[in-house]
Structures are given as structure tokens and as C-alpha cells.
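**Q** Residue numbering for the sequence shown follows numbering that gives the first Met the number 0, beginning at 0 and increasing consecutively. Idealized CB from N, CA, C, for every residue including glycine.
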Amino acid sequence: MFIAILSTLAGLVLLILAADRLVVAAVRLSKALGVSAVLIGALVVGLGTSLPELLVSSLLAREGKLDEAVANVVGSNTANVTLVLGLAALLTVISSERRILYREGILMVVAVSGYALTLSDGRVEAWEGGALLFGLLIALYLMVTWSLKDADAANEAIVEVEEMLGNDTSTQREVITGIVAIVVTVGAAQLLLTGATTIGTEVGLSATVLGVMLGVGTSLPEMATALAAARRKQADLVIGNVLGSNIFNSLAVGGVAALVGQGVLTEVDGPLLIVMVGTAIVAGLFARSGGRVVRFEGALLMFAFVGFFVLTL
């Protein structure tokens, strides 16, 4: 058990760090090749927050553990709009700018609802994965188009990307870094799964509980980003991070996992999907109305996450 715990913790830490380095290397290489900064910004948000979930769910699906793979996405999506947003609201009042986040809020609700719809029959099919990935292409097109039309947001994205990347864009160095990061990321994901599965088997955790716990673990990058933004009073970034992550989790992670493995779900049921969609709608309403999430509401979101976790038991 001790070795399994160490394996799980080491895998989680390495997965998060290696995924971050992979994204930075990819973005620097794209910048060196002259790719649009706005497009880079969209990919950083999407890939950077969803890569851990993508690897974990894909590996689980490949091993035939479909309930765990789906529960990982459901757990991550729900944790984002309850645990992550709730913790950030405890640090500072979270308010969104309606003009920009209204569109992403609707897109997030549609993406999460679409993912839940593909699971509503209790099966995971390859064609459903293809449909989700097609939806991802549409979502990417819309997000990039909206960014290009919004000059202020585009300029801000360019500044943020350039500040993060700096001036060092050695193509050879970034290719090597990217290859190493890919190897470490895949290895770390496998290490995490091996350790977590061993713990789950010895303790007697259900597939859903194990998947949700993995989902919470792979949500740590979103949590770190949201808490850092909250400390800097960047409320729009907090909600934008949550919305963007759930869009990519539902369409990219859900789509790829469905293509990797298909079959019948035995533990992920309607109530869990309803909670996932319901919490997504709450977050979408915050974005739509330009509403505020105060500390009391943040505490309620935290309690909602506890309730969700209890529901999985």
C-alpha cells in the first residue's frame, strides 16, 4: 500500500509538471514558426488544463475501465465549477465580464450537456467520440473567431503569451523538450493509474469513486491557476479558466476516450450526469449574468462538491 501511495503521488506530480512543460514547449515552437498568438492562447488554455485528464481517461479506456474513464471527466468537470470556483471565491469576490464570458458560458453548457447526452444510454460508442471531436473543432473555431473579433481580449492574450514565453524560442531546444515531456507525461500517467488502481483495489473503492478521485487530482492545474488569479484579483481569468477547461474536458477528453475504448457503463449513472450538467449550468449563469460569487456562495459551492462526492459512494 505504501508503495502504491508513493506511486500515485509521484505520478500525479510528474504528470502535472511534465504536461505544463509540454504545453510551454509546444507554444514556444508555434511562436517560433509564426503561429497566431490568439490561436496559441486558445490552445494553451485548452491543452494546458485538459492534458492530464486526456491521458488518464485514455489509458483507462484502453484498459477497458470505461466507468473510471468517464468518472474522471465527470469528476473533473464537477470539481472545476464547485471546488475550484468555490476555493477561489473564498479568497476574493469573483465577478465576470458579461460581454466576453457570455458566449463561452453558453458554449461550456452545450459541451457538457452534449457529453452527458452521449452517456445517457449507458454506453460508450466510437461514433459518439467522433461527434464530440467534431464538436471540439467547432468550439475551437468559435473561440478563435471570438478572440479575433475582440481586439482588447486579443491584445491581452498576446501580452500574456509573450510574457510567459519570453524571447527564447530555440526550435531545436523546444523539440527536444517536447519529446522528453511527452515521454515523461505518458509514463507519469501510467504511474498514477497503477498506484491509484492498486489503492482502489486494496481499499475496495468502486470504479466511480476511483474515477472521481482521479478527476479531482487531475484538476489541480485548474485549481492552481484559479487560486493564483484570485490572489491577483483577476476574476475573469478564474471563471474563464473553469469554462475553458470544462469545454475541452467534455469534447476533447470525452471524444478521445470514446475512440480508444467502447462498451457498457455499469456504475456511472443518471444522477452523476445530472449533477455535472447542473453545476455547469450554474457556472454558465454566473458568466451570462455578469454575476458575483461572494465568499458565502463559494462556501456553498464547496459543500456542493462534498455532496457530489458523497453521491459517488
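1. How far does the alpha helix (DSSP H) with A298 in it extend, from its first residue to its last?
2. With a cut-off of 8 angstroms, do at least 3 Cβ pairs link the segment 130-145 to the segment 249-258?
3. Count Cβ pairs between the segment 70-87 and the segment 204-214 that sit closer than 8 angstroms; are there 3 or more?
4. Between A187 and L82, is the Cβ-Cβ spacing less than 8 angstroms?
5. For G262, which three-state DSSP category applies?
6. Using only the alpha-carbon positions, how far apart do F304 and A78 sit?
7. Cβ atoms of A225 and N240: under 8 angstroms apart, would you say?
8. Under a three-way DSSP split, which group does V123 fall into?
9. Report the three-state DSSP secondary structure of S244 (helix, strand or coil).
10. Counting only the same chain and skipping the five closest in sequence on each side, list residues whose C-beta sits under 6 angstroms from that of M163.
11. With DSSP as the reference, label S6 as helix, strand or coil.
12. Do G297 and G104 count as a contact pair if the criterion is CB distance below 8 angstroms?
13. From the DSSP output, in three-state form, read off S94 for me.
**A** This is what the structure holds:
1. 294-311
2. yes
3. yes
4. no
5. strand
6. 7 angstroms
7. yes
8. strand
9. helix
10. Residue placement at M163 cannot be trusted, given a pLDDT of 49 that sits under 50; what the coordinates show is reported in the next sentence. Once the five neighbours on either side are set aside, M163 has no close Cβ partner at all.
11. helix
12. no
13. strand
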